[in-house]
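Worksheet: the structure to be examined is printed underneath.
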Amino acid sequence: MDIFGIAGWSGSGKTTLIRALIPVLSAQGRVVGTIKHSHHDLSLDPGAAIDGAVETLVASAQRFSLTGDVPQDEDAKLPYLGSRLAGIDLLLVEGFKFYHHPRLEVWNSTLGKPMLVQDDRRIIATVTDTHRPESLGQSTLWFHRDDVVGIAGFIQKACVSMSAFRH
216 MDIFGIAGWS GSGKTTLIRA LIPVLSAQGR VVGTIKHSHH DLSLDPGAAI
266 DGAVETLVAS AQRFSLTGDV PQDEDAKLPY LGSRLAGIDL LLVEGFKFYH
316 HPRLEVWNST LGKPMLVQDD RRIIATVTDT HRPESLGQST LWFHRDDVVG
366 IAGFIQKACV SMSAFRH
């Protein structure tokens, strides 16, 4: 499974970009899963969880939701969660900024926040809502947020390159 991260400040458009990327990547033959980190505790309807159960799955006719405890070992969290998603070959990760997977940054000029790429060498491309920012420099790859096909192609190429290092 390939793992690729989407980083950025809250409100920058990370989830919007992921939603746009999934149908494009799927049309290119990828089976895409997502993991989004939350700083808040998650719980099902209290009546749905069974005390003492390691995991609880709630299902309707159309969807299901699986909850369980996350390993406390920081290094084990993302691999464990990724293993819970069966049948995917590309995992898009929003958050989990301390893991070593490559990522792109989504930067929104209206937020008034600094670019993360300056301090995170795992960011290998930047996606913005404007023309190429001067502060980005020429060595960092840049995409406009509307170039979803180009961004998807970049992710595909990055995954091919990463897979060469894993074998």
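So the sequence shown is numbered by this note's numbering: it starts at 216 and just counts up by one.
Even for Gly, the Cβ is constructed at its ideal location relative to N, Cα and C.
CB contact flag (residue 217, residue 304, <8 Å): Residue 304 sits close to residue 217, with the two beta carbons spaced by under 8 Å.
Backbone secondary structure at residue 328 - three-state DSSP: Coil at residue 328, not helix or strand.
Sufficient close CB pairs (3 or more, under 8 Å) joining the stretch 334-343 to the stretch 311-326: yes
Cβ separation of residue 236 and residue 307, assumed to be a contact under 8 Å, to the nearest whole Å: Sure, about 7 Å apart at Cβ, within 8 Å.
DSSP three-state assignment for residue 232, whether helix, strand or coil: helix
Beta-carbon proximity check, residue 240 vs residue 367, cutoff 8 Å: yes
Cβ neighbours of residue 324 in the same chain (closer than 6 Å, five flanking residues each side left out): For residue 324, where only same-chain residues beyond five positions count, the Cβ hits under 6 Å are 344, 345.
Which residues DSSP lists as bridging residue 246, in chain order: DSSP, once it has assigned bridges, lists no residue as partnering residue 246.
Reduced DSSP category for residue 372 - H, G, I as helix; E, B as strand; rest coil: helix
Residue 268 to residue 284 span [Cα, whole Å]: 10 Å
Counterpart residues of residue 340 in DSSP-defined beta bridges: 319, 356
For residue 306, the three-state DSSP class (helix, strand or coil): strand
Residue range of the beta strand (DSSP E) that includes residue 280: 279-283
Pairwise C-alpha distance: residue 297 and residue 228: So the two alpha carbons sit approximately 23 Å from each other.
Proximity winner among 365, 370, 219, 332, relative to residue 353 (alpha-carbon distances): 332
Run of the beta strand (DSSP E) containing residue 349, from where it starts to where it stops: Careful: residue 349 lies outside any beta strand (DSSP E) and carries neither H nor E.
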